[in-house]
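To keep things clear, I will list the structure first and then write my remarks on it.
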Amino acid sequence: DRLQTGVAGTGIVADIKGGRPGHAVMVRADMDGLPITEAGDLPFRSSRRGVMHACGHDVHMAVALEVARALAAHRNQLPGMVRFVFQPAEEIAGGAKPMIEAGVLSGIDRVVGLHVWAGLPTGQVSVRSGAMMASADGFTLVVRGQGGHGAMPDLTVDAVVIAAQIVTALQTLVSRETSPRAPVVVTLGSIHGGSAFNIIAGEVVIQGTLRTFDARLRERLLQRVAELAGGIATAMRGACEFHLESAAPPVVNDAAIAGLVADVAKDLLGTEAVVPFEPLMVGEDVAYFLDARPGCFFLLGGAPDSGPVLHHTAEFRVDERCLAIGYRVMSAAVLRLLEPG
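Positions 1170 to 1510 (this note's numbering) are the ones given, in order, by the sequence shown.
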């Protein structure tokens, strides 16, 4: 057995070796929180103001730790080897790649993970073959012109006007350059420029995100964002720099392993508890692990009795009963995945 800390910064890796031949399975749990002050007065609320688990990563860690504890107690009867990977920096899509570069996939042939979902009733799980979460690319466009006096626009190159044209044009990537049958989101969530009403801005910064389920379409549209923004800026006597700030490919489950996990969940919880779902436009950097090894990432229902709540909010919470359900499904799935053949 092996325990490593400080992997790719603050990551933790623990191996449990079985007593007979079998597969090498990686269980992934993300660890990071979000810069939000937790609302409410729950006994397990965050002890630090301005930081909370607003996406359920504490649930993921708890489930993985309990699975590890149970398997370690019976390691001699286990086939193969289980590697538990506790990953930092999922929220900024910056944790999985460094951990892969640190070698956490060495010797691994299958990957499994879960995400608690507060929009799904407690007691249910969702497993999907193929694409289940979108790519998540964050980008910055720096539009540059020539600032000057607001009364003398002819002597300037107005970066605000250029940026306005870029914002409008980028929406045509969805409406005019992508098939209506291919889900794509282009959101420009931040635009900043200018300092006063009578000063023409020389620089505007636009930040946005691109989401899709198709890896090839993703690459083409990212290229088109840069081309379109740069072309418009040049045509209007300015310039535009494109910077890809964060990136994660689509989350794509292996059909055979997803089927195995679904069967395990049906056996434990009943057929009616395993529910279908449409692919989600949110991103998750577990995609890097699933891009390198076959595996399955599934949703664990955790909606409280009061009804679904939103992730990434101060009010986020889950029904604690989901912990036991997550443990049962994950441990049984790992045992099945370890078996040779």
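The beta carbon of each residue, even a glycine, is placed where N, CA and C say it ideally should be.
Presumed contact (8 Å Cβ cut-off) between residue i and residue j, rounded CB distance
i	j	result
Ser-1295	Pro-1419	That belief does not hold up - the Cβ atoms of Ser-1295 and Pro-1419 are roughly 17 Å apart, past 8 Å.
Met-1250	Ala-1177	Not confirmed; about 20 Å, so no contact.
His-1229	Ala-1198	4 Å
Under the three-state DSSP convention, the category residue i falls into
i	result
His-1243	coil
Leu-1211	coil
Gln-1340	coil
Met-1195	strand
Val-1232	helix
Gly-1400	helix
Gly-1317	strand
Phe-1411	strand
Leu-1479	coil
Arg-1462	coil
Asp-1432	helix
Ala-1417	coil
Gln-1173	strand
Ile-1181	strand
Ala-1305	coil
Ala-1472	strand
Arg-1238	helix
Status (buried if at least 16 other CB within 10 Å, exposed otherwise) for residue i
i	result
Ala-1424	exposed
Leu-1459	buried
Glu-1207	buried
Glu-1552	In the structure displayed, the chain extends from 1170 to 1510; residue 1552 sits before or after that span and is not available.
Leu-1283	buried
Phe-1467	buried
Ala-1351	exposed
Gly-1362	buried
Pro-1212	exposed
Thr-1174	exposed
Asp-1306	buried
Phe-1308	buried
Asp-1170	exposed
Phe-1366	exposed
Residues of its chain near residue i, where Cβ-Cβ distance is below 7 Å and the 5 sequence neighbours each way are ignored
i	result
Gln-1293	Ala-1442, Val-1444, Gly-1470
Arg-1214	Glu-1207
Phe-1382	Ala-1300, Ala-1303, Pro-1352, Pro-1419, Pro-1448
Ala-1271	Val-1176, Ala-1177
Ala-1231	Leu-1492
Cutoff 8 Å; reference residue i; Cβ partners in own chain excluding five residues on either side
i	result
Val-1433	Val-1498, Ala-1501, Ala-1502, Arg-1505
Ala-1287	Gly-1225, Gly-1471, Ala-1472, Pro-1473, Pro-1477, Val-1478, Leu-1479, His-1480, Phe-1485, Arg-1486, Val-1487
Gly-1219	Pro-1204, Ile-1205, Thr-1206
Val-1354	Ala-1303, Val-1343, Thr-1378, Leu-1379, Arg-1380, Thr-1381, Met-1450
Gly-1464	Met-1195, Arg-1279, Val-1280, Val-1281, Gly-1282, Asn-1422, Asp-1423, Ile-1426, Phe-1458
Own chain partners of residue i with C-beta closer than 6 Å, once the 5 adjacent residues on each side are dropped
i	result
Lys-1266	Tyr-1457
Arg-1326	The sequence shown places Val at residue 1326, not Arg. Once the five neighbours on either side are set aside, the close Cβ partners of Val-1326 are Gly-1314, Gln-1315, Arg-1406, Gly-1407.
Gln-1340	none
Glu-1453	Met-1302, Val-1420
Leu-1397	Ala-1338
Run of the alpha helix (DSSP H) containing residue i, from where it starts to where it stops
i	result
Val-1353	Counting along the chain, Val-1353 falls outside any alpha helix (DSSP H), though it belongs to the beta strand (DSSP E) covering 1353-1362.
Phe-1253	Counting along the chain, Phe-1253 falls outside any alpha helix (DSSP H), though it belongs to the beta strand (DSSP E) covering 1248-1256.
Arg-1490	1490-1507
N- and C-terminal bounds of the beta strand (DSSP E) containing residue i
i	result
Met-1268	Here Met-1268 belongs to no beta strand (DSSP E); instead the alpha helix (DSSP H) covers 1265-1270.
Ala-1287	1279-1290
Asn-1367	Looking at the DSSP string, Asn-1367 is not in any beta strand (DSSP E), and its letter there is neither H nor E.
Met-1221	No beta strand (DSSP E) holds Met-1221; DSSP gives it neither H nor E.
Gln-1293	Unbroken run through Gln-1293: none, as it is neither H nor E.
Glu-1372	1372-1381
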